[in-house]
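Undergrad:
In our numbering, the protein residues as written are 1198 to 1825.
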């Protein structure tokens, strides 16, 4: 039951590594950590709350964003759980009780269990495939034999095993009656639970009852039945009667949670209200990678296989069949870096204690001549690092351009870009961007084409237009640092957006801090950049719920190249600090528009991308440990 385009079952099962979980790959902070080494490096840190572990097959597993809205019930379970416990969904599409254990996955899960945890065990769909010797088991013998390994292993770790019968498929007879589809396997689970005293969730019975109540037509919204073009991840549509979309995954998770609560398998209060969750498609988290996907890992630095970051990027297999994590040792890497479009899903991770410990830097400017004598680099070509690949991640490092403006008074064009982002769905977490003019170019492949980036807890520094371009970007909990140019009247501009009018969302600065040592009232929040005088390039910038220092001008938006700022899409909302005011020169977000200009609204696009949910209570993979 593996998904189209996913790595083969055998490849993934034999290469499974929990320590390379999705939290490490998206750049999100995973807390609390499940498997971090203790002080002696020999064990696992005790957690401050118990965890519901889910092991099973595709009906319960967590799916990555490229497969949205397909989801498993374990992926939806966090939406129902209170704060007393967490969920870690380690089910895997295509697995049976036999293949999951034989590949070593069970041993890895058992190593994570602690007293007070619960292990939800749900197999059957692929055990039924007796023609496959790697997966097939028989009820009455090998099926129960393998399940006992899960029960005994959990008990040995002081955790509570829970048997879950397999969820029914969508099958109806000619009279509209829901059919049994699992033969003797559900009864084998029931009898094993009774003979061993193991708590049982009879999902086979409850799901059949639910499908009968919904009927043949009503169940299509729960299973992966999609019309062509309904979701960009399934352009040809889908008619899948085994796997769920978000609504169905949540409905099945409710069935599981109700039995866990009603049978008092879990403590009271863990599932406080099972009926209030709405819009699971928006609230559920689809990780960048599934928790059992194993990335390639390349190491850069002194004594490592690669001396430069570019050498590691060059070694990445094109196509992005799996993510590549490039771990960079502390140091300064003076090079021009390019991640091409043909190499998506690359993560650059600094291994130092701070972002300052790993610096990727060069010093080209717009007016700097190319080595081949073909002319100057130009603004975009001056970038110390350029990323064209989609699904890029950077964490815990610095991008810088240290071109020395004072040393080159003869140079007219002194724009110097630290990072030029082109690819869609970029996540940058705990990253610094250092430069002067045009530090960070947030771009897209073409005018009218959206590329989205999420900057989480970053530091962006510069003086003139140091966040610019036609891309869509959210800066959340970031520090936006304006350098002091020594002027008593004008110390620069933060943003110079150039979004096409067809792009509804440009830049959002949400809960950021705008700081500077520049003179009071001498820095503008932004101005409208119209490349080549393009009248459709109309900047969209919103600064909301942020702290503004005294350096921010009382009239923070200004004209550029003959284009009035009043014709741009500039606004503020609920800002504070000495630089925050509400005046006729400071447009505020109109009342009632708050929900149209949120982090979610800027990032979701057509495919529902929501990286901000990684590491939150909605993320069924958030508790995985971060790799070193």
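C-beta atoms are modelled at their ideal positions from N, C-alpha and C, and glycine is treated no differently. Note that the structure is a prediction, hence the values are computed from the model and not measured.
Please give the ranges of any alpha helix (DSSP H) in the segment 1722 to 1757, keeping only runs that are unbroken, at least 4 residues long and fully inside the region.
TA: If we require 4 residues or more, the segment 1722 to 1757 turns out to have no alpha helix (DSSP H) run fully inside it.
Undergrad: Please classify residue 1607: is it buried, with 16 or more other beta-carbons within 10 angstroms of its beta-carbon, or exposed?
TA: Sequence index remark: in the chain shown, residue 1607 carries index 410 (1-based). Exposed: under 16 other Cβ atoms inside 10 Å.
Undergrad: Can you tell me where the beta strand (DSSP E) with residue 1453 in it begins and where it stops?
TA: The residue labelled residue 1453 in the question sits at position 256 within the chain shown. Where residue 1453 is concerned, there is no enclosing beta strand (DSSP E), although the alpha helix (DSSP H) it sits in stretches over 1443 to 1459.
Undergrad: Please state whether DSSP places residue 1682 in a helix, a strand or coil.
TA: For this step, residue 1682 is matched to residue 485 along the chain shown. Residue 1682 falls in the coil class under three-state DSSP.
Undergrad: Does the beta-carbon of residue 1374, which I'm using as the reference point, lie nearer than 6 Å to any heavy atom of the ligand ZN?
TA: Looking for the ligand ZN in the displayed structure turns up nothing, as the structure carries no ligands at all.
Undergrad: Does any C-beta atom of chain D lie closer than 7 Å to the C-beta of residue 1579?
TA: In summary, chain D is missing from the structure at hand, where a single protein chain is found.
Undergrad: Strictly by DSSP, which residues pair up with residue 1521?
TA: Here residue 1521 refers to the residue found at position 324 when the chain shown is read from its first residue. Answer is 1493, 1543, bridged to residue 1521.
Undergrad: For the beta strand (DSSP E) containing residue 1357, list its first residue and its last residue.
TA: Counting from one through the chain shown, the residue named residue 1357 turns up at place 160. First-last of the beta strand (DSSP E) with residue 1357: 1357 to 1361.
Undergrad: Whole angstroms are fine: how far does the CA of residue 1248 sit from the CA of residue 1286?
TA: Your numbering for residue 1286 matches position 89 in the chain shown. Your numbering for residue 1248 matches position 51 in the chain shown. Whole-angstrom Cα-Cα distance: 10 Å.
Undergrad: I need the DSSP call for residue 1770, collapsed to helix, strand or coil.
TA: The residue labelled residue 1770 in the question sits at position 573 within the chain shown. In this structure, residue 1770 counts as strand in the three-state DSSP scheme.
Undergrad: State the Cα-Cα distance for the pair residue 1584 and residue 1538, rounded to the nearest angstrom.
TA: Position 387 of the chain shown, counting from 1, holds the residue named residue 1584. Position 341 of the chain shown, counting from 1, holds the residue named residue 1538. About 8 Å.
Undergrad: Assuming residue 1260 is part of the beta strand (DSSP E), what are its boundary residues?
TA: Residue numbering aside, residue 1260 sits at position 63 when the chain shown is read from its first letter. Run containing residue 1260: none; DSSP gives neither H nor E here.
Undergrad: Roughly how many angstroms separate the alpha carbons of residue 1700 and residue 1412, rounded to a whole number?
TA: Position 503 of the chain shown, counted from the first residue, corresponds to residue 1700. Position 215 of the chain shown, counted from the first residue, corresponds to residue 1412. Rounded to whole angstroms, residue 1700 to residue 1412 spans 41 Å at the Cα level.
Undergrad: Over the uninterrupted beta strand (DSSP E) stretch that includes residue 1704, give me the two end residues.
TA: Against the chain shown, residue 1704 aligns to sequence position 507. Residues 1704 to 1707.
Undergrad: Have a look at residue 1293 and residue 1712 and give me their C-alpha separation to the nearest angstrom.
TA: Within the chain shown, numbered from 1, the residue matching residue 1293 stands at position 96. Within the chain shown, numbered from 1, the residue matching residue 1712 stands at position 515. Looking at the two C-alpha atoms, the distance is approximately 55 Å.
Undergrad: Assign residue 1392 to one of three DSSP states: helix, strand, or coil.
TA: For this step, residue 1392 is matched to residue 195 along the chain shown. Here residue 1392 sits in helix by DSSP.
Undergrad: Can you tell me whether residue 1378 is helix, strand or coil according to DSSP?
TA: In the chain shown, the residue the question calls residue 1378 occupies position 181. Looking at residue 1378 - three-state DSSP - the assignment turns out to be coil, as it is neither helix nor strand.
Undergrad: Identify whether residue 1699 lies in helix, strand or coil by the three-state DSSP scheme.
TA: On the chain shown, residue 1699 is found 502 positions in, with the first residue counted as 1. Three-state DSSP puts residue 1699 in coil, outside helix and strand.
Undergrad: By the three-class DSSP mapping on this structure, what secondary structure does residue 1487 have?
TA: Locating residue 1487 in the chain shown gives position 290, counting from the first residue. DSSP places residue 1487 in coil when its eight states are reduced to three.
Undergrad: If you draw a straight line from the alpha carbon of residue 1507 to that of residue 1497, how long is it in whole angstroms?
TA: Locating residue 1507 in the chain shown gives position 310, where the first residue counts as 1. Locating residue 1497 in the chain shown gives position 300, where the first residue counts as 1. For residue 1507 and residue 1497, the distance between alpha carbons rounds to 9 Å.
Undergrad: With which residues is residue 1431 paired in a DSSP beta bridge?
TA: As a working mapping, residue 1431 is identified with position 234 in the chain shown. Answer by DSSP bridge pairing: none, since residue 1431 is not bridged.
Undergrad: Return yes when the Cβ of residue 1421 is within less than 7 Å of the Cβ of residue 1435, no when it is not.
TA: The residue given as residue 1435 occupies position 238 in the chain shown. The residue given as residue 1421 occupies position 224 in the chain shown. Contact flag set, yes.
Undergrad: Kindly indicate which three-state DSSP category residue 1154 falls into: helix, strand or coil?
TA: Absent from the model: residue 1154. The displayed extent of the chain is 1198 to 1825, so no value can be given.
Undergrad: Are the segment 1553 to 1563 and the segment 1470 to 1482 in contact at 8 Å, needing three or more beta carbon pairs?
TA: Output reads no: the segment 1470 to 1482 does not touch the segment 1553 to 1563.
Undergrad: Does the segment 1660 to 1671 come close enough to the segment 1792 to 1805 to have 3 or more Cβ pairs within less than 8 Å?
TA: At 8 Å Cβ cutoff, the stretches touch.
Undergrad: When burial is assigned at 16 or more other CB atoms within 10 Å of the CB, is residue 1631 buried or exposed?
TA: Working through the chain shown from its first residue, we reach residue 1631 at position 434. Flag for residue 1631 reads buried.
Undergrad: Here's the rule I'm using: 16 or more other beta-carbon atoms within 10 Å means buried, otherwise exposed. How should residue 1279 be labelled?
TA: Reading the chain shown from its first residue, position 82 is the one you call residue 1279. Classification of residue 1279: exposed, given that the 10 Å Cβ count is below 16.
Undergrad: Kindly identify the DSSP beta-bridge partner or partners of residue 1286.
TA: Numbered from 1 along the chain shown, position 89 holds the residue referred to as residue 1286. According to DSSP, residue 1286 bridges with 1251.
Undergrad: Compare the beta carbon distance of residue 1277 and residue 1450 with 7 Å and say whether it is the shorter of the two.
TA: Here residue 1277 refers to the residue found at position 80 of the chain shown. Here residue 1450 refers to the residue found at position 253 of the chain shown. Contact flag set, yes.
Undergrad: If we count Cβ pairs, one from each stretch, closer than 8 Å, do we get three or more for the segment 1784 to 1791 versus the segment 1454 to 1469?
TA: No contact exists between the segment 1784 to 1791 and the segment 1454 to 1469.
Undergrad: Check this for me: beta carbons of residue 1710 and residue 1656, under 7 Å apart or not?
TA: As a first step, residue 1710 must be located in the chain shown, where it is residue number 513. As a first step, residue 1656 must be located in the chain shown, where it is residue number 459. Taking 7 Å as the Cβ cut-off, residue 1710 and residue 1656 do not qualify as a contacting pair.
Undergrad: What ranges does the beta strand (DSSP E) occupy inside the segment 1587 to 1611, keeping only unbroken runs of at least 3 residues that lie completely in it?
TA: Those beta strand (DSSP E) runs which fall completely within the segment 1587 to 1611 and span 3+ residues are 1590 to 1592, 1595 to 1598.
Undergrad: Taking just the CA atoms, how far does residue 1410 sit from residue 1269?
TA: Here residue 1269 is taken as the residue at index 72 of the chain shown, counted from 1. Here residue 1410 is taken as the residue at index 213 of the chain shown, counted from 1. Rounded to the nearest angstrom, the two C-alpha atoms are 21 Å apart.
Undergrad: Find the nearest neighbour of residue 1408 within the set 1439, 1389, 1490, judged by alpha-carbon distance.
TA: Walking along the chain shown from the start, residue 1408 turns up at place 211. Minimum Cα distance to residue 1408 is reached at 1439.
Undergrad: With DSSP collapsed to three states, give me the class of residue 1352.
TA: Counted from its first residue, the chain shown places residue 1352 at position 155. Helix, per DSSP.
Undergrad: Count the other CB atoms within 10 Å of the CB of residue 1372; is the residue buried (16 or more) or exposed (fewer)?
TA: Working through the chain shown from its first residue, we reach residue 1372 at position 175. By the 10 Å Cβ count, residue 1372 comes out exposed.
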